[in-house]
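Residue numbers (the numbering used here): 54 to 844. All residues carry an ideal CB built from backbone N, CA and C; glycine is no exception. If you're wondering where the values come from, they're calculated on a predicted model, not measured in any experiment. Taking it in order: structure first as structure tokens, then the write-up.
Structural data, given as structure tokens:
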């Protein structure tokens with residue numbers, strides 16, 4: 054329902070609900086803090102070695118029902134162990150099974166384990182216990198978890214890693230630092246929510262985007278397709294991506310530097326120090342820089358130097374980008390009152406030159422943007438705060454600013470300054486030096502209460518606040534710049550799960566959403582929605598799983614969709630919330646062939662029926678994007694992935710996605726009859742795409758502890774329409790695209806020193822993306838990484 058500012062009673066009641074709920078959270082948290090019945094927690098660390106005292110990587114160490122894999126140095130770390138008396142077991146291919154009962158002492162415990170080699174065929178050794186990635190993939194939700202640690206020696210970033218996941222197509226408007234629009238099973242943009250360790254990234258600003266975050270920051274990436282678990286607490290319409298940074302390395306240094314084509318530099322520094330008293334300091338810092346001066350193909354009608362007579366290729370000349378970010382945290386770990394209690398600060402800044410508008414026909418030569426981020430953070434988590442109750446609370450607030458600078462009254466094309474001078478009051482687009490703050494805050498609270506081994510109740514709340522205000526010295530009388538724009542959103546969720554480990558699980562949940570939006574020169578509006586869903590999983594055998602999920606989900610328009618982004622997106626304050634009925638069905642099956650050959654098959658089917666679907670279209674003069682509602686969009690599709698491994702040195706896989714998005718809006722503004730694009734395929738959305746990869750590992754090359762990995766990756770995107778298919782000649786095909794990548798990684802001294810080489814798009818194909826924006830051609834990169842981890 055829509056309520057204007059005059060309906061004060063409802064708004065007051067809503068705010069009263071907020072205050073009551075926050076009081077409940079605060080009261081529960083304080084009660085938990087003062088409760089003296091804390092459960093004792095234990096940790097266990099050590100190394101797994103062979104009979105020659107050499108580290109064994111990839112060994113599965115299991116304590117009770119928790120399993121981890123050893124790193125390249127043979128090290129393992131298990132925390133939050135609830136029992137003093139434990140049984141520890143270790144499995145490793147080619148080594149005898151190890152099992153031992155032991156009694157833990159308070160605090161940290163250490164145990165180095167030496168395994169004897171076995172004479173039996175290593176293919177026949179049964180590995181018991183699951184890695185964290187395998188555990189995530191076995192959830193009832195349609196989820197794919199990616200082990201990011203396997204990519205830490207490469208030069209790719211987070212978005213390129215995601216581009217290889219079934220059902221995902223990452224679409225960028227250019228090179229490093231360009232705008233990104235990730236598509237997940239047909240839904241894209243803000244339909245997909247991003248998280249870091251379960252905390253929404255909604256308020257990170259332009260200094261912290263998914264395509265400039267280094268892969269080294271993550272331990273794994275969790276991709277939820279369709280139905281999102283209640284503990285993530287969001288209003289995602291089509292899925293969520295959770296970047297898990299991990300905390301298993303307590304004393305380490307991880308430094309990498311890469312250099313490549315188009316004068317691209319990337320630097321990453323990750324480090325942590327933890328004392329025996331639990332005091333810890335963590336640092337993550339990275340920078341990206343690129344001239345982005347790759348060549349683009351322009352049509353003859355844009356080629357004035359040849360009198361508009363022929364097409365040509367020309368380098369981008371105004372597309373420099375750089376950003377720097379630091380995440381610093383300090384606090385306490387493994388205490389009676391907290392597993393983690395951290396305070397921190399996130400600092401960042403960025404500079405971006407604007408080469409084009411929404412299409413390549415709009416060319417700029419001086420317009421640019423600057424931004425910074427200053428964001429204090431607080432993180433608290435405790436398992437078994439009281440018996441069975443796990444608590445997580447996170448809060449942050451972005452105090453950063455952005456500035457849009459367009460002061461040159463000249464006209465540019467792909468060859469630079471055209472010599473056309475505009476009026477003194479003009480800029481390339483709009484004369485401005487508008488500096489503004491998008492002050493955004495997020496408070497998340499999550500409570501899990503377990504009764505026995507089978508029942509878990511979850512209460513989750515996420516509160517977002519947004520406040521934009523700024524000024525422009527070049528337009529001091531423009532009141533629109535001075536007027537504040539405000540948005541507040543609250544998502545309250547409750548869920549219940551029943552689980553019979555290894556057999557089946559079922560989850561039901563409900564969500565209540567409330568949002569208030571106000572532009573200072575207009576009345577405020579309040580909207581609320583309610584959603585619900587379920588997810589069920591059943592194991593026919595340990596290697597055969599079927600899963601299904603359904604959700605009536607809602608998504609509120611973001612502040613950037615409502616108020617615009619002051620760059621390439623126009624405002625649309627009349628946007629309605631969207632909702633969708635989402636169905637997912639999935640199947641996972643693993644099987645062996647003659648012991649040495651292992652296969653894994655994952656397949657999924659999806660159905661979406663969305664109302665008031667928010668999508669992005671070009672504005673009236675086709676120079677900017679604009680969010681708009683469609684009455685309905687229906688999606689049918691599926692994806693599958695097949696993986697193959699031969700012993701421990703060869704792996705290959707392929708995944709393919711098909712998604713058909715159909716316009717279900719029967720009547721269009723301006724038409725008296727049925728819309729000519731009714732039941733048309735939605736334009737500018739790839740509907741068929743896939744990947745193929747193969748990797749070979751050569752161990753002990755040049756000595757023990759050394760490893761050589763050689764890999765190849767292929768990406769295919771079938772041709773798709775830029776405009777509506779029913780529009781005949783106006784529909785314009787974006788041609789099919791095929792790109793090939795090669796990579797070589799050489800690791801020495803058990804991963805302490807690493808050298809990576811990568812060649813992207815080696816055939817120099819023309820690759821297109823949003824509204825036919827061109828991406829870089831052939832490129833080469835080298836990456837150097839140093840990693841050391843000590844107890």
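Counting only residues of its own chain and dropping the five nearest sequence neighbours on each side, residue 672 has a CB closer than 6 Å to the CB of 623 and 679.
The beta-bridge partner set that DSSP reports for residue 366 consists of 350. Residue 311 and residue 339 do not touch by the CB rule: their CB atoms are close to 11 Å apart, not below 8 Å.
Using a C-beta cut-off of 8 Å, the stretch 492-502 makes contact with the stretch 444-452, since at least three inter-stretch Cβ pairs fall below that distance. For residue 654, the pairing in a beta bridge is given by DSSP as 642 and 695.
Put simply, the stretch 541-554 touches the stretch 506-514. At least three CB pairs are less than 8 Å apart.
Judged by beta-carbon spacing, residue 428 lies beyond the 8 Å limit of residue 460, meaning their Cβ atoms are not closer than that value. Residue 231 has its alpha-carbon roughly 20 Å from the corresponding atom of residue 817. Between residue 709 and residue 743, the beta carbon gap of about 4 Å places them in contact (Cβ cut-off 8 Å).
Taken through DSSP and simplified to helix, strand or coil, residue 267 comes out as strand. By DSSP's assignment, residue 731 forms no beta bridge with any residue. Two segments are said to touch when three or more pairs of C-beta atoms, one from each, lie closer than 8 Å; by this definition the stretch 192-199 does not touch the stretch 246-266. For residue 468, there is no enclosing beta strand (DSSP E), as DSSP marks it with neither H nor E. Taking 8 Å as the upper bound for CB-CB distance, residue 815 and residue 795 are in contact here, some 6 Å apart.
Per DSSP, residue 189 lies in no beta strand (DSSP E) segment; the continuous alpha helix (DSSP H) that holds it begins and ends at 185-190. Scanning the stretch 584-632 from its first residue to its last, the whole alpha helix (DSSP H) runs of 4-plus residues come out as 612-616.
The beta carbon of residue 507 sits closer than 7 Å to those of 551, 552 and 553, all from its chain and outside the five residues before and after it, given in chain order. Counting the other Cβ atoms within 10 Å of the Cβ of residue 155 gives fewer than 16, which makes it exposed. Cβ atoms of residue 280 and residue 588 come within 8 Å of each other, at about 6 Å. Fewer than three beta-carbon pairs drawn from the stretch 375-395 and the stretch 348-362 are found closer than 8 Å, and the two stretches are therefore not classed as touching.
Cα atoms of residue 399 and residue 725: separation of roughly 54 Å, rounded to the nearest angstrom.
The three-state secondary structure of residue 130, taken from DSSP, is strand. Assignment of residue 211 by DSSP, reduced to helix, strand and coil, places it in the helix class. Residues 234 of the same chain have their beta carbon placed closer than 6 Å to that of residue 241, with the five preceding and five following residues left out of the count. The Cβ atoms of residue 210 and residue 291 do not sit closer than 8 Å to each other.
With 16 or more neighbouring CB atoms inside 10 Å of its own CB, residue 690 falls in the buried class.
With fewer than 16 other CB atoms across the displayed protein chains lying within 10 angstroms of its CB, residue 478 is exposed. Restricting attention to 581, 599 and 410, the CA atom closest to the CA of residue 606 is found in 581. In the DSSP assignment, residue 225 falls within the beta strand (DSSP E) that extends over 221-225. Relative to the Cα of residue 138, the nearest Cα in the group 792, 390 and 153 belongs to 153. Nearest to residue 344 by C-alpha distance, out of 229, 841 and 124, is 229.
Residue pairing by DSSP places residue 574 in no beta bridge whatsoever.
Distances from the alpha-carbon of residue 353 to those of 386, 413, 387 and 525 put 413 closest. Restricting attention to 129, 146 and 98, the CA atom closest to the CA of residue 648 is found in 146.
Cβ neighbours of residue 797 within its own chain (closer than 6 Å, five residues either side excluded): 763 and 810. Judged by DSSP secondary structure, residue 324 falls within the beta strand (DSSP E) whose first and last residues are 317-327.
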